[in-house]
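Engineer:
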Amino acid sequence: MRFGRVFGVLLIACALALCSGCIASEEKRVKSGDTVLVHYTGTLENGTVFDSSAGREPLRFTVGSGRMIPGFEEGVIGMQVGEEKTLHIPADRAYGPYREELIFALDAAGVAGAENLAVGDQVGVPLQNGQVIPATVVAVSADTVTIDANHRLAGEDLTFTVSLVEIG
Numbered sequence: 002m003r004f005g006r007v008f009g010v011l012l013i014a015c016a017l018a019l020c021s022g023c024i025a026s027e028e029k030r031v032k033s034g035d036t037v038l039v040h041y042t043g044t045l046e047n048g049t050v051f052d053s054s055a056g057r058e059p060l061r062f063t064v065g066s067g068r069m070i071p072g073f074e075e076g077v078i079g080m081q082v083g084e085e086k087t088l089h090i091p092a093d094r095a096y097g098p099y100r101e102e103l104i105f106a107l108d109a110a111g112v113a114g115a116e117n118l119a120v121g122d123q124v125g126v127p128l129q130n131g132q133v134i135p136a137t138v139v140a141v142s143a144d145t146v147t148i149d150a151n152h153r154l155a156g157e158d159l160t161f162t163v164s165l166v167e168i169g
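Heads up, the sequence shown is in the working numbering, so the first residue is 2 and it goes up one at a time.
1) What residue from Pro98, Val133, Leu165, Ala106 has the CA that sits closest to Thr145's CA?
2) What residue range is occupied by the uninterrupted beta strand (DSSP E) comprising Val163?
3) Excluding five sequence neighbours on each side, which residues of the same chain lie with their C-beta closer than 7 Å to the C-beta of Val77?
4) Comparing alpha-carbon positions, which option in Gln123, Leu128, Gly97, Glu157 lies nearest Ile148?
5) Can you name, in chain order, every residue of its own chain whose Cβ lies under 8 Å from the Cβ of Gly22, other than the five neighbours on each side?
6) Report all residues from its chain with a CB closer than 6 Å to the CB of His89; omit the five preceding and five following residues, and keep chain order.
7) Relative to the C-alpha of Thr44, which residue among Ile168, Arg61, Phe62, Asp158 is closest?
8) Who are Thr119's beta bridge partners in DSSP?
9) Give the secondary structure of Arg94 by DSSP, where H, G and I count as helix, E and B as strand, and everything else as coil.
10) Confirm, please, whether the CB-CB distance from Arg68 to Asn151 is below 9 Å.
11) Excluding five sequence neighbours on each side, which residues of the same chain lie with their C-beta closer than 6 Å to the C-beta of Gln81?
12) Less than 8 Å separating the Cβ of Phe62 from some heavy atom of the ligand NAD?
13) Would Glu167 be called buried (16 or more neighbouring beta carbons within 10 Å of its own) or exposed?
14) Would Val120 be called buried (16 or more neighbouring beta carbons within 10 Å of its own) or exposed?
15) Report the rounded CA-to-CA distance for Asp35 versus Thr137, giving the unit in angstroms.
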């Protein structure tokens, strides 16, 4: 009889502890293949904000799909809902190094609308496979249009403050 009472008291104590959070259950953590919602702010080394989800809907993506830069995807793995984390991502895990060979001088006569282009304009450069990559006009003269096909953040180490909103 005494054993039964002790067992009952222990059972009640365990139930109370579970209900009060004294014994935590393992929270779900992000893994590859999960679809997540995150809020984020991205900054350069000098503190300049280059992108943020502030005031917008959170970003939704599937971890491991390749839609995000590698360092960002790797950084959210293991996070729990409600967690905030700072990710320091070197250029090689972000948009890669800045590559001089991605700067092209084109004959202005072969560029439709070249007379209307200005430095800083964004243009699409068609590749042989039919894909179009974005590029930035970096110089314009009567004879040539020079474009830079590097991503605007190529060569930059990036920092993101990420808050995990949901694991889908």
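The beta-carbon is built from N, C-alpha and C at its ideal position, and this holds for glycine as well.
Owing to the predicted nature of the structure, the values given are computational and were not obtained by experimental measurement.
Structural biologist: Inspection of the coordinates gives the following:
1) Ala106
2) 159-168
3) Val31, Val37, Val39, Val64, Val163, Leu165
4) Gln123
5) Low per-residue confidence applies at Gly22: pLDDT is 48, beneath 50, and the placement is therefore not dependable, though the value from the model is reported in the following sentence. Excluding sequence neighbours, Gly22 sits near nothing in its chain.
6) Thr160
7) Closest option to Thr44, judged by alpha-carbon separation, among Ile168, Arg61, Phe62, Asp158: Asp158.
8) Sequence check: residue 119 is Ala here, not Thr. Ala119 pairs with nothing; no bridge assigned.
9) helix
10) Contact flag unset, no.
11) Glu28, Arg30
12) Within the structure as shown, the ligand NAD is missing, as the structure has no ligands at all.
13) exposed
14) Exposed, because fewer than 16 other Cβ atoms sit within 10 Å of the Cβ of Val120.
15) 34 Å
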